[in-house]
Amino acid sequence: MTSAAGFRPRRASVRHQAIELELFRHLLVSIAEEMGVVLRRTSYSANIKERRDYSCAVYDARGDTVAMGDHMPVHLGAMPLSVRAAREAFELEPGDIALLNDPFRGGTHLPDITAVAPVYTRGSRKPSFFLANRAHHADVGGMSPGSMPLAREIYQEGIRIPPIKIQRRGKLDRDLLNLLLANVRTPVEREGDLMAQLAAIQRGATRLNELVAKYGAARVASNMGALQDYSERMMRAAIRALPPGVYRFEDCLDNDGISPDPVPVRVAIAIARGSAIVDFSGSAPQAAGAVNANYAVTLAAVMYVFRCLMKEDVPFTAGTLRPIRVIAPEGTVINARPPAAMAAGNVETSQRVTDVVLGALAQAVPELMPAASSGTMNNLSFGGWDPFRNSAFAYYETIAGGMGASSNGDGDSATHTHMTNTLNTPVEAFEHQFPVRVESYRVRRGSGGAGRHRGGDGIVRELRFLTEADVTILSDRRIHGPWGLSGGSAGKPGKNTLIRNSREIRLEGKTRVAARPGDTLRIETPGGGGWGSYHPSR
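For the numbering used here, add 23 to where a residue sits in the sequence shown, where the first one is 1.
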């Protein structure tokens, strides 16, 4: 039976629903993206406005993810636990905004401060939606400038913020803000970045209320639920396409910065009937050093890898994770207990979790998986007193490396991969704001692994200090390079060097250095692994 217009009603209805769902997917993602634009444009620090080390997302009334900006995977996969922590801590009333960074109460590592807020629609007594953003602050106190120290316990890493209201019914809690600012080295910059986060929340709330005014709360909520259900169906289909079985893989961090011993991360992935169990049992006990991650970080890494199995246009929502169970035993390096030091867990261990999940899945579908990428964010932080500007300074950055090759081609060079998604700091902005000179910034030619397809090359970055600086490096893949796949060779390990009075001093992957005026720090990042057996013609 057809209508007078010649359309089958059910088919037309299905088509209409699909069009509406796609419309709402883009509407909701655009809200998260616009929040990110506001956060970036109103922030003070180079790490946020230049490197874009932030993330924004939209959540439904239950706190489940419905839309994300194209931001940082390590943030976005973990932020739902921040929303949950804030909701469990207290009732979020209209105009409230909560802050938190405590890894044991919804955070990941202390420099990442998350803002969480409810959105009440007209006439609602409970939140209709939630918004959150996370930004990496270049200093939150602690024993080292940049707050990424070689710590043994979290108390050395900076100020811990449990879920607490920075804004109540639209009014900023200035006393609380002053308390936070009294514990950091660069309070003006911190206040500017925090206010940017609050402004981004306000913009998101405005856009959500406009959406409800146009379409109605029930219709918006219905499409949020439908988007999650669709993501779940697509993820189950992607998992169903994998050969059933149990796939294991093991890799390690070079060390924890305290002991020279490697820190193994192990996984077993069971694939069956459209579901996956990702079990990290057997991974190393939590470490003495700062490489410990929490469950949220591990979850984010797993979510990222499995999301990569789906087509790009599938919405990234809470439904994506429904078919996946993650087992991360407490007291291990991938789910540490207090008072473990956590600074590098978010940035280094997250990359190793990604590597082992990719490595396990490569046993099932090697043609779909890439070789290992650089496997480290090459974290550099430094600070001190700037005599030229007569003020304290603190800087943090991650440095890109080589991407692993795949069956489709060579890996990209000089790229932030996997759990990071940031840019670099432009040399001009860097030198304008900090007492350093960039002596060299180039591709590390030949560092990618050989193979049918070559791994991408890493980076060489040389910085000359114009004043004394307290420098910390948290990096990995300095002993063993990123592994190749299907016969490809490993990429070259990274290398850290201090040049003082023309003498080169080899530095450990995780180290703290008192730099003098005129010292040059050279960081050479790992290349990606190669894919496929090597052919001399390449």
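Beta carbons are placed, not taken as given, at the ideal position from N, Cα and C, and that holds for glycine.
Just checking my contact of residue i with residue j at CB under 8 Å: how many whole Å lie between their CB atoms?
{"i": "T137", "j": "M102", "result": "6 Å"}
{"i": "P134", "j": "H160", "result": "5 Å"}
{"i": "A90", "j": "L51", "result": "4 Å"}
{"i": "N401", "j": "G424", "result": "7 Å"}
{"i": "G297", "j": "I262", "result": "5 Å"}
{"i": "N156", "j": "M247", "result": "Incorrect: roughly 19 Å between the Cβ atoms, too far for contact."}
{"i": "V207", "j": "D162", "result": "5 Å"}
{"i": "T495", "j": "R539", "result": "Incorrect: roughly 16 Å between the Cβ atoms, too far for contact."}
{"i": "R213", "j": "G312", "result": "With 8 Å as the limit, R213 and G312 do not qualify as a contact, their Cβ atoms being about 26 Å apart."}
{"i": "E485", "j": "R545", "result": "5 Å"}
{"i": "D125", "j": "P185", "result": "5 Å"}
{"i": "S512", "j": "A537", "result": "Between A537 and S512 the Cβ distance is about 38 Å, and since that is not below 8 Å, they are no contact."}
In the DSSP assignment, find the beta strand (DSSP E) that holds residue i and state where it starts and stops.
{"i": "L497", "result": "492 to 497"}
{"i": "V139", "result": "135 to 142"}
{"i": "M91", "result": "88 to 91"}
{"i": "T564", "result": "In this structure the chain extends from 24 to 561, so residue 564 is not present and cannot be described."}
{"i": "S404", "result": "402 to 409"}
{"i": "A295", "result": "286 to 295"}
{"i": "S298", "result": "298 to 302"}
{"i": "A417", "result": "414 to 420"}
Report the option in the options whose CA atom is closest to the CA atom of residue i.
{"i": "K149", "options": "D83, G92, D499, G129", "result": "D83"}
{"i": "M257", "options": "D435, V286, A341", "result": "A341"}
{"i": "G86", "options": "N206, I189, A108", "result": "A108"}
{"i": "R183", "options": "G504, P361, I347, G507", "result": "P361"}
{"i": "S556", "options": "P516, L122, A299, S429", "result": "S429"}
{"i": "Y464", "options": "P449, G478, A293, H476", "result": "P449"}
{"i": "D216", "options": "Q251, R63, G507", "result": "R63"}
{"i": "A364", "options": "T495, R477, V235, A316", "result": "A316"}
{"i": "T421", "options": "F47, N70, H94", "result": "N70"}
{"i": "G591", "options": "P516, A415, H503", "result": "Lying outside 24 to 561, the shown extent of the chain, residue 591 is not represented and no answer is given."}
{"i": "L384", "options": "S53, P352, R330, E56", "result": "R330"}
{"i": "L391", "options": "H49, A264, G129, G305", "result": "A264"}
{"i": "D409", "options": "E454, D93, P96, K518", "result": "E454"}
{"i": "G239", "options": "Y270, V325, T144, E485", "result": "T144"}
{"i": "A307", "options": "E353, F339, R271", "result": "E353"}
{"i": "A291", "options": "P285, G92, S282, G268", "result": "G268"}
{"i": "D93", "options": "S245, G129, A55", "result": "A55"}
{"i": "I482", "options": "D435, G511, L46, E335", "result": "D435"}
{"i": "I187", "options": "V142, R526, R110, P346", "result": "R110"}
{"i": "Q386", "options": "A310, A222, S509", "result": "S509"}
{"i": "A223", "options": "G541, H49, T131, A140", "result": "A140"}
{"i": "D433", "options": "D480, E462, T399, F411", "result": "D480"}
{"i": "P285", "options": "K533, E335, A537", "result": "K533"}
{"i": "W554", "options": "L530, M426, V325, N124", "result": "M426"}
{"i": "R74", "options": "G474, H441, Y419", "result": "Y419"}
{"i": "S404", "options": "R412, A417, N413, F411", "result": "A417"}
{"i": "E527", "options": "L202, Y67, T399, D542", "result": "D542"}
{"i": "D252", "options": "V61, P516, T88, V388", "result": "T88"}
{"i": "P287", "options": "F152, R375, A295, F113", "result": "R375"}
Considering just the uninterrupted stretch of the alpha helix (DSSP H) at residue i, what are its terminal residues?
{"i": "S105", "result": "102 to 112"}
{"i": "F329", "result": "318 to 330"}
{"i": "D119", "result": "Segment: none, D119 is in no alpha helix (DSSP H) and carries neither H nor E."}
{"i": "D542", "result": "Note, D542: premise wrong, no alpha helix (DSSP H); not H, not E."}
{"i": "I262", "result": "240 to 263"}
{"i": "R360", "result": "No alpha helix (DSSP H) holds R360; DSSP gives it neither H nor E."}
{"i": "S373", "result": "373 to 387"}
{"i": "A367", "result": "Run containing A367: none; DSSP gives neither H nor E here."}
{"i": "I281", "result": "Segment: none, I281 is in no alpha helix (DSSP H) and carries neither H nor E."}
{"i": "A69", "result": "69 to 72"}
{"i": "L99", "result": "96 to 99"}
Practice task
May I ask you to verify whether the segment 67 to 85 touches the segment 98 to 115, counting CB pairs closer than 8 Å and requiring at least 3?
Solution key: yes
Handout entry: At least 3 beta-carbon pairs within less than 8 Å: the segment 349 to 362 vs the segment 386 to 401
Key = no
Problem - the segment 196 to 203 in contact with the segment 372 to 389 per 3-pair CB rule at 8 Å - result: no
Practice task
Tell me, please, whether the segment 539 to 555 touches the segment 453 to 470 by the rule of three or more beta-carbon pairs shorter than 8 Å.
Solution key: yes
Handout entry: Cβ pair count under 8 Å reaching 3, the segment 484 to 499 against the segment 457 to 467
Key = yes
Practice task
Please determine if the segment 359 to 372 and the segment 519 to 526 are in contact, where contact requires at least 3 C-beta pairs separated by less than 8 Å.
Solution key: no
Exercise for the section: State whether the segment 164 to 173 contacts the segment 239 to 258, with contact taken as three or more CB pairs (one from each stretch) at a distance under 8 Å. Expected result: no
Problem - Segment contact flag, the segment 498 to 509 with the segment 271 to 282, C-beta cutoff 8 Å, min 3 pairs - result: yes
Exercise for the section: Tell me, please, whether the segment 227 to 241 touches the segment 321 to 332 by the rule of three or more beta-carbon pairs shorter than 8 Å. Expected result: no
Problem - beta strand (DSSP E) segments (min. 3 residues) lying fully within the segment 168 to 231 - result: 187 to 191
Handout entry: Complete alpha helix (DSSP H) runs within the segment 434 to 461 (minimum length 4 residues, chain order)
Key = 450 to 456
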